[in-house]
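First comes the structure, then the notes that go with it.
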Ligand code: IPE
Ligand code: IPE
Ligand code: MG
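In the numbering used here, the protein residues as written are 3 to 250.
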């Protein structure tokens, strides 16, 4: 029997088919705006607003960890107007949403470097992470000023500062020193807007993640599109380098 390409209307993910940790490369805000004859920042506004819907849908599906790639260490190379505009939108949305996130049991974490961020944004992020620290319904990792290579460099620096002996450095220890230390690796990485690359996202943690790429631009990626990604994931056979029983 072949698996249908899109989810039948009655399909719902069974708990064992559901990824515990979903990570999303939220790409295509600029193209979404350009296609409508709007400035790129309108795309960033629409994209930032879309996080609310995807977070809500993730909670409803029962996803436990959601990581969203919002600004990479390479995105600093964009025009200053775009970078500053994006920071303002992010600071405003985080400030406006913090109380609601807290009420809904969301634990907000920042993964990435805080250095270089404007104070208004750094303050909004720290207030949200401090207030929601003990919430357990879902963990929302906001990857902001995040780079996978920077994360590894930061981990190595901390390992050396902690005077860990070379023989004690294991994969488990390195994982613990990453920004995501203590969390499970992503099971599913979704990229919107069609590109087929990681762009420096979770390069260590993604070792055995399943990938899903859709041409839909991030501001248009809603609950039905997330459901399609979960359907595709449910049909994957994860092998982790081993052989599956009963298959050749
Ligand atoms: C993703 O959208 C958001 C960030 C990288 C900050 P883009 O701004 O990269 O959108 P495109 O790729 O230009 O369409
Ligand atoms: C990746 O998107 C970073 C974020 C979504 C924040 P980019 O638009 O920066 O990636 P490239 O430049 O297409 O690789
Ligand atoms: Mg892009």
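Cβ atoms here follow ideal geometry from the backbone N, Cα and C, with glycine treated the same way.
Between the alpha carbons of residue 7 and residue 212, how many angstroms are there, rounded?
Here residue 7 is taken as the residue at index 5 of the chain shown, counted from 1. Here residue 212 is taken as the residue at index 210 of the chain shown, counted from 1. Taking the straight line from one Cα to the other gives about 17 Å.
For residue 133, which residues of its own chain have a beta-carbon under 7 Å away from its beta-carbon, when the five flanking residues on both sides are left out?
Translated into the one-based positions of the chain shown, residue 133 becomes position 131. The answer, listed in chain order, is 100, 104.
Is residue 224 near ligand 1, judged by its Cβ being under 8 Å from some heavy atom?
For the purposes of this step, residue 224 is taken as the residue at position 222 of the chain shown. Not so, every heavy atom of ligand 1 lies at least 8 Å from the Cβ.
Work out the CA separation of residue 130 and residue 97 for me, nearest whole Å.
Taking the chain shown and counting its residues from 1, the one referred to as residue 97 is at position 95. Taking the chain shown and counting its residues from 1, the one referred to as residue 130 is at position 128. One C-alpha to the other measures close to 8 Å.
Can at least three beta-carbon pairs, one atom from the stretch 108 to 127 and one from the stretch 136 to 149, be found at a separation below 8 Å?
Yes, the stretch 108 to 127 is in contact with the stretch 136 to 149.
Is the stretch 64 to 72 in contact with the stretch 16 to 31, if contact means three or more CB pairs nearer than 8 Å?
yes
Would you kindly work out how many angstroms separate the C-alpha atoms of residue 179 and residue 12, rounded to a whole number?
Stepping through the chain shown from its first residue, residue 179 is reached at position 177. Stepping through the chain shown from its first residue, residue 12 is reached at position 10. Taking the straight line from one Cα to the other gives about 42 Å.
Less than 8 Å between the CB atoms is what I'm expecting for residue 145 and residue 113, so what's the real figure, rounded?
Here residue 145 refers to the residue found at position 143 when the chain shown is read from its first residue. Here residue 113 refers to the residue found at position 111 when the chain shown is read from its first residue. About 5 Å separates the two Cβ atoms, so the contact holds.
Roughly how many angstroms separate the alpha carbons of residue 244 and residue 42, rounded to a whole number?
Taking the chain shown and counting its residues from 1, the one referred to as residue 244 is at position 242. Taking the chain shown and counting its residues from 1, the one referred to as residue 42 is at position 40. Residue 244 and residue 42: Cα-Cα distance of roughly 45 Å.
So, at 7 Å on beta carbons, what are the nonlocal neighbours of residue 95 in its own chain, with the 5 sequence-adjacent residues on each side left out?
Residue 95 sits at position 93 when you count from the first residue of the chain shown. Same-chain partners within the cutoff: 50.
So, are the CB atoms of residue 184 and residue 215 less than 9 Å apart?
On the chain shown, position 182 is the one that residue 184 refers to. On the chain shown, position 213 is the one that residue 215 refers to. Going by C-beta atoms, residue 184 is not nearer than 9 Å to residue 215.
Under DSSP, the beta strand (DSSP E) around residue 84 begins and ends at which residues?
Along the chain shown, one-based indexing puts residue 84 at 82. First-last for residue 84: 82 to 105, but that is the alpha helix (DSSP H), not the beta strand (DSSP E).
Give the straight-line distance between the Cα atoms of residue 121 and residue 82, rounded to the nearest whole angstrom.
Translated into the one-based positions of the chain shown, residue 121 becomes position 119. Translated into the one-based positions of the chain shown, residue 82 becomes position 80. Taking the straight line from one Cα to the other gives about 16 Å.
Check whether the Cβ of residue 71 sits closer than 8 Å to any heavy atom of ligand 2, and report yes or no.
In the chain shown, residue 71 corresponds to position 69, counting from 1. Answer for residue 71: yes, Cβ within range of ligand 2.
Using 10 angstroms around the beta-carbon of residue 10, count the other beta-carbons present and answer buried if the total reaches 16, otherwise exposed.
Start at 1 with the first residue of the chain shown, and residue 10 comes out as number 8. Its Cβ having fewer than 16 others within 10 Å, residue 10 is exposed.
Give me the Cβ distance between residue 209 and residue 191, rounded to the nearest whole Å; I'm assuming they're in contact under 8 Å.
Translated into the one-based positions of the chain shown, residue 209 becomes position 207. Translated into the one-based positions of the chain shown, residue 191 becomes position 189. Contact flag wrong, Cβ pair sits at about 11 Å.
Does ligand 2 have a heavy atom nearer than 8 Å to the CB of residue 115?
Walking along the chain shown from the start, residue 115 turns up at place 113. False, no ligand heavy atom lies under 8 Å from that Cβ.
When you compare only the Cα positions, how much space is there between residue 226 and residue 55?
Along the chain shown, read from residue 1 onward, the residue named residue 226 stands at position 224. Along the chain shown, read from residue 1 onward, the residue named residue 55 stands at position 53. About 11 Å.
Going by the DSSP bridge assignment, what does residue 216 pair with across the sheet?
Position 214 of the chain shown, counted from the first residue, corresponds to residue 216. Residue 216 is not bridged to any residue.
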